[in-house]
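In the working numbering, the protein residues as written are 1 to 193.
Backbone N, C-alpha and C define an ideal beta-carbon position, used for all residues, glycine too.
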């Protein structure tokens, strides 16, 4: 409600009295040119930045009081995907103990993010080492891996920050179809130019 934000040592608000309400299961798009504040708004929603003025509520209470609960329900897909020098399986399940990885859920998430065919061509399938920063993957494959990572966690809220920008048209359509199947079941915030 009426959220304002300006970066340190600047006088101009990047966000100026922004208000919106998002209900569970809804999807919204944040659309605008570079520098218009889309990612800044998401960074505030994720608690990475603190608004200068205004209020953010979560189920009617100040978000700051429930940040851990909120974050446990959110999967964020940034433009730049963080990958480690490990297997595809471990990159998808980053932060999840090996014995806790649900293989059926992993396979379904790979299918939904259009990575199943790629995995079938890899020498050790999901156990193929991707190399430092995922050197063996294209930009689009990295973005699809990030979507797979998000889907494996079964979040209630998906935030996609230009998450399909490095994809070819056919793969982007497949990802959009996946997102459409999640419409109404997940809350989706999609940032795009």
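- By the Cβ rule, the segment 72-81 counts as touching the segment 134-145, because three or more pairs are nearer than 8 Å.
- Around the Cβ of residue 113, a 10 Å sphere holds 16 or more other Cβ atoms; the residue is buried.
- Taking residue 89 as the centre and dropping the five residues before and after it, the same chain places the C-beta of 101, 106, 126 and 127 closer than 8 Å to its C-beta, in chain order.
- In this chain, the alpha helix (DSSP H) harbouring residue 38 covers 38-45.
- Secondary structure in the segment 62-121: the alpha helix (DSSP H) runs of 4 residues or longer, each lying completely within the stretch, are 67-72, 88-92, 103-112 and 116-121 in chain order.
- In this structure, 64 is the residue among 58, 64 and 54 with its C-alpha nearest to the C-alpha of residue 48.
- In its chain, beyond the 5 residues on either side, 27 and 158 have a beta carbon closer than 6 Å to the beta carbon of residue 188.
- Spatial neighbours of residue 104 in its own chain (CB-CB distance under 6 Å, excluding positions within 5 residues in sequence) are not present.
- Counted as a single uninterrupted DSSP element, the beta strand (DSSP E) harbouring residue 187 occupies residues 187-192.
- Here the C-alpha atom of residue 68 lies approximately 10 Å from the C-alpha atom of residue 46.
- Within the DSSP bridge table, the entry for residue 14 names no partner.
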